[in-house]
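For reference, the structure discussed in these notes is given below.
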Amino acid sequence: MGFDQYHEPADELPEGTRTFARLCASLTEEAEAIGWYEQRLAVESDREARSVMRDAQGEEFKHFCMDLEFLLRRTPLWREIAEGILFQEGSIVEHGEEAEEEAVEGAAARGAPVAGSTSLGIGGLRGAAS
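So that you can map any letter, position 58 of the sequence shown is 71 in my numbering, and since no number is skipped, the others follow by simple counting.
And the structure:
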């Protein structure tokens with residue numbers, strides 16, 4: 014198969030998961046292109062060539078952001094964590110830790126399963142009336 018974006022058999026994955034994987038792959042490709050243009054711009058001495066490359070890199074920024082927004086709209090936990098980190102003053106790491114903790118705790122409190130958690134997302138059974 015020509016695609017290695019799946020870690021499980023593609024025919025066993027729901028369409029939404031395959032779409033999610035495609036957009037994750039696209040996000041990665043856009044980030045790589047942004048990095049390649051940054052390297053080219055760092056060594057290019059021709060002003061007109063730099064202008065063309067800068068414009069092309071801007072397109073990659075746009076595509077990256079569009080891919081990211083699509084994924085965030087489809088993944089509420091990811092979006093909640095991102096909102097706690099992006100466009101905030103101060104320590105990126107501290108905001109990241111706080112955002113993750115708050116989002117995961119909130120998801121667990123709502124009974125949502127959380128990736129990496131041993132919880133099934135059904136809440137506690139202690140104190141339940143029999």
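Don't be surprised by glycine CBs; every beta carbon is placed ideally from N, CA and C. Nothing here was measured: the structure is a model prediction, and the numbers come from that model.
Next on the checklist: List, from N- to C-terminal side, the alpha helix (DSSP H) runs of 4 residues or more that fit wholly inside the region 55 to 112.
Outcome noted: 60 to 87 and 89 to 98
Item to check | Among Glu93, Tyr50, Gly71 and Gln18, nearest to Glu118 - alpha-carbon criterion | outcome: Counted from its first residue, the sequence shown places residue 118 at position 105. The option with the nearest alpha carbon to Glu118 is Glu93.
Checklist entry - Helix, strand or coil for Arg53 per DSSP? => result Position 40 of the sequence shown, counting from 1, holds the residue named residue 53. Looking at Arg53 - three-state DSSP - the assignment turns out to be helix.
Item to check | Buried versus exposed, by CB contacts within 10 Å (16 or more), Ala23 | outcome: Your numbering for residue 23 matches position 10 in the sequence shown. Burial call: exposed.
Next on the checklist: Relative to the C-alpha of Phe74, which candidate in Thr41, Ala34 and Leu26 has its C-alpha closest?
Outcome noted: Here residue 74 refers to the residue found at position 61 of the sequence shown. Looking at the Cα atoms, Thr41 is the closest of the given residues.
Checklist entry - Cβ atoms of Asp80 and Leu36: under 8 Å apart, would you say? => result Within the sequence shown, numbered from 1, the residue matching residue 36 stands at position 23. Within the sequence shown, numbered from 1, the residue matching residue 80 stands at position 67. Contact flag set, yes.
Checklist entry - Counting pairs of Cβ atoms below 8 Å between the region 38 to 53 and the region 76 to 91, do you hit three or more? => result yes
Item to check | Cβ-based burial, Ala120 [other Cβ within 10 Å; buried from 16] | outcome: On the sequence shown, residue 120 is found 107 positions in, with the first residue counted as 1. Label assigned to Ala120: buried.
Next on the checklist: Would Arg63 and Glu72 be called neighbours here (beta carbons separated by less than 8 Å)?
Outcome noted: Taking the first residue of the sequence shown as 1, we reach residue 63 at position 50. Taking the first residue of the sequence shown as 1, we reach residue 72 at position 59. Cβ atoms of Arg63 and Glu72: not closer than 8 Å.
Checklist entry - So, are the CB atoms of Glu111 and Gly97 less than 8 Å apart? => result Position 98 of the sequence shown holds residue 111. Position 84 of the sequence shown holds residue 97. Yes, Cβ-Cβ distance for Glu111 and Gly97 is below 8 Å.
Item to check | C-beta atoms of Leu90 and Ala122 nearer than 8 Å | outcome: As a position in the sequence shown, residue 90 is number 77, starting the count at 1. As a position in the sequence shown, residue 122 is number 109, starting the count at 1. No; because the gap between Cβ atoms is not below 8 Å, this pair is not in contact.
Item to check | Other residues of its chain near Glu113: CB distance less than 7 Å, five sequence neighbours each side excluded | outcome: Here residue 113 refers to the residue found at position 100 of the sequence shown. These residues qualify, in order along the chain: Ile94.
Checklist entry - Mind checking Glu51: buried by the 16 CB within 10 Å criterion, or exposed? => result Along the sequence shown, read from residue 1 onward, the residue named residue 51 stands at position 38. The residue is exposed, with fewer than 16 neighbouring Cβ atoms inside 10 Å.
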